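By the count of the numbering used here, the sequence shown reaches residue 222 at its end, each step adding exactly one. Here is the structure we will look at.
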Amino acid sequence: MSAEVAAYLEREIASRGLKPGDKLPTERELAAQLSVSRATVRAALQDLESKHLLERTQGRGTSVAAPPASVNELYERLASVDRAQQDVAELRGAMEPLVAELAALRCSAADLIQLQDVLAGSNEHLSPEEALRMDVQFHTILAQAARNQLMTTVLTLANSWTSDVRLRSHSTLEGRRCSIEGHRHILEAVQARDATAAGIAMRDHLADVALLIQQQP
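Right, dumping it as structure tokens:
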């Protein structure tokens with residue numbers, strides 16, 4: 006049950022646009038709102054704290070965590086870097102398989118629930134823009150599940166750098182099917198806690214998408 010609560014709270018933080026320092030309701034209030042025990046809420050908050058999404062301070066309650074200074078500095082430095090699409094593709098090709106491997110080893114039940122929800126909400130009949138949004142969301146949640154904030158920061162930037170190219174892939178029915186199928190194989194490996202298979206599934210997924218883009222006129 007704590008995994009479902011953690012997944013719900015993480016979605017709420019994202020959908021409501023909460024910023025660092027914004028406070029969450031107390032454990033008692035959350036337990037009442039969600040009709041669960043305080044122990045369940047406490048376990049869910051601990052899971053989000055382990056992902057550096059929340060910080061809990063004695064006497065001050067629970068609030069949305071600010072990224073560490075090292076993460077902010079990395080983001081600021083990379084945001085202004087000149088980048089060619091080939092460079093970004095090579096960056097993703099090197100990092101995303103490792104992220105998938107780490108996610109298979111480190112993900113929580115709440116992470117798996119969120120990945121399953123994104124995959125369940127993905128289908129070939131979505132608009133290219135919505136399909137791209139679901140694609141980015143899947144890779145973002147996977148990066149967060151790897152529990153490495155620096156990698157998450159780099160891949161978040163890489164997602165923004167590749168949005169135009171990936172939108173071309175999602176503009177076709179075949180491209181949307183390819184994305185969903187790739188995500189399904191990655192999730193199956195992560196659920197099985199098979200790091201090697203997760204890394205291979207991610208490499209295959211990136212290669213399949215790259216081939217589709219190359220074949221487009």
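We treat Cβ as the ideally placed atom computed from N, Cα and C, and that holds for glycine. Quick caveat, the model's predicted, so the values are computed rather than measured.
> With 16 other CB atoms within 10 Å as the buried threshold, where does Asn-164 fall?
Replying inline: Locating residue 164 in the sequence shown gives position 159, where the first residue counts as 1. Buried, by the Cβ-count rule.
>> On a Cα-Cα basis, can you pick out the residue from Arg-173, Lys-24 and Thr-201 that is closest to Ala-215?
In response: Here residue 215 is taken as the residue at index 210 of the sequence shown, counted from 1. The option with the nearest alpha carbon to Ala-215 is Arg-173.
> Is the beta carbon of Ile-118 less than 7 Å from the beta carbon of Ala-12?
Replying inline: Indexing the sequence shown from 1 puts residue 118 at position 113. Indexing the sequence shown from 1 puts residue 12 at position 7. Going by C-beta atoms, Ile-118 is nearer than 7 Å to Ala-12.
> Relative to the ligand ATP, is the shortest distance from any of its heavy atoms to the C-beta of Arg-198 smaller than 6 Å?
Replying inline: Here there are no bound small molecules, and the ligand ATP is not part of this structure.
> Do Cys-112 and Ala-150 have their C-beta atoms closer together than 7 Å?
Replying inline: Translated into the one-based positions of the sequence shown, residue 112 becomes position 107. Translated into the one-based positions of the sequence shown, residue 150 becomes position 145. The Cβ atoms of Cys-112 and Ala-150 lie closer than 7 Å to each other.
> Touch check for the segment 100 to 116 and the segment 197 to 205: three-plus C-beta pairs under 8 Å?
Replying inline: The segment 100 to 116 is in contact with the segment 197 to 205.
> I think Arg-97 touches Leu-131, with their Cβ atoms under 8 Å apart; what is that distance to the nearest whole Å?
Replying inline: Against the sequence shown, residue 97 aligns to sequence position 92. Against the sequence shown, residue 131 aligns to sequence position 126. That pair is no contact at about 22 Å.
> Is Ala-212 buried or exposed, if buried means 16 or more other CB atoms sit within 10 Å of its CB?
Replying inline: Position 207 of the sequence shown, counted from the start, is the residue given in the question as residue 212. Result: exposed.
> Looking at C-alpha atoms only, which residue of Val-159, Thr-31 and Arg-21 is the closest neighbour of Gly-64?
Replying inline: In the sequence shown, residue 64 corresponds to position 59, counting from 1. The option with the nearest alpha carbon to Gly-64 is Thr-31.
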